[in-house]
Amino acid sequence: EFMLTQKKLNIRLYSISSSQKAHPDEVHLTVATVRYTSHGRARAGVCSSFLAERVTPNETLIPCFVNHGKGFRLPEPQEETPIIMCGPGTGIAPFRAFLEERKATNAKGKAWLFFGEVSAKSCFFYKEEFEAYLADGTLTKFSTAWSRDQAEKIYVQHKMLEASAEFWAWLEQGAIFYV
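At position 88 of the sequence shown (counting the first as 1) the number is 111 in this note's numbering, and the numbers step up by one without a gap.
Below, the structure is given as structure tokens:
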């Protein structure tokens, strides 16, 4: 009876951070655990802390569903359409999947990734993967911004402004810009 009085939790949506072509039997998620203090009490995100603390990879089954984003798609692999991706924080998730997909399909066209986080030392998600994609040509350019590694805060928009002439040239070449 008590449970009937409780408010139903809202759905938690996460972007898939893996390509089905690269990982046919898996779904990868990029999740940051929400933790904060409110009114002197430690709080944690219901779903993010569950995933971080109670899920054992490759063992725990989690009920889920896929909500397909209709317009958030890569160009066809044979097209030479350039792409620019901007994924600060865990917003990097779909772009990791995009790069895995581009590599798996030998996609043509240039790819530029902007990634930003608090610190390169503690929050450089998928560093080795992105560096490998840069080395093998899957990724053409990789721009990073760290907001706490130096006295002056630097964000992805600062990196875009620094490279504005080249950024604009890519757009004039028909680049698709994903945020």
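Where is the CB? At the ideal position from N, CA and C, for every residue including glycine.
Evaluate residue i with the Cβ neighbour count: other Cβ atoms within 10 Å of its Cβ, from every protein chain shown; 16 or more gives buried, anything less gives exposed.
i, result
"Tyr-59", "exposed"
"Thr-161", "buried"
"Glu-99", "exposed"
"Glu-134", "The sequence as given places Ala at residue 134; Glu does not occur at that position. Buried, by the Cβ-count rule."
"Phe-95", "exposed"
"Arg-66", "exposed"
"Arg-119", "buried"
Can you grab the Cα-Cα spacing for the pair residue i / residue j, in whole Å?
i, j, result
"Gln-101", "Tyr-178", "33 Å"
"Tyr-149", "Phe-25", "44 Å"
"Glu-189", "Asp-48", "39 Å"
"Ala-127", "Phe-73", "32 Å"
"Pro-111", "Phe-138", "5 Å"
"Val-141", "Met-108", "19 Å"
"Thr-56", "Ala-174", "26 Å"
"Pro-117", "Phe-200", "13 Å"
Which stretch, first to last residue, makes up the beta strand (DSSP E) that contains residue i?
i, result
"Lys-164", "164-169"
Quick one: give me the first and last residue of the alpha helix (DSSP H) that residue i is part of.
i, result
"Glu-151", "150-159"
"Ser-71", "69-77"
"Arg-119", "116-127"
"Cys-146", "143-146"
"Glu-195", "187-195"
I believe residue i touches residue j by the beta-carbon criterion, under 8 Å. Please report the beta-carbon distance rounded to the nearest angstrom.
i, j, result
"Ile-34", "Leu-52", "Not quite, the Cβ-Cβ distance comes to about 14 Å (not below 8 Å), so this is no contact."
"Leu-97", "Phe-121", "6 Å"
"Pro-105", "Gln-43", "Incorrect: roughly 23 Å between the Cβ atoms, too far for contact."
"Leu-41", "Glu-123", "The sequence as given places Ser at residue 41; Leu does not occur at that position. Contact flag correct, Cβ pair sits at about 6 Å."
Under the DSSP definition of a beta bridge, which residues are partnered with residue i?
i, result
"Ile-39", "Leu-52"
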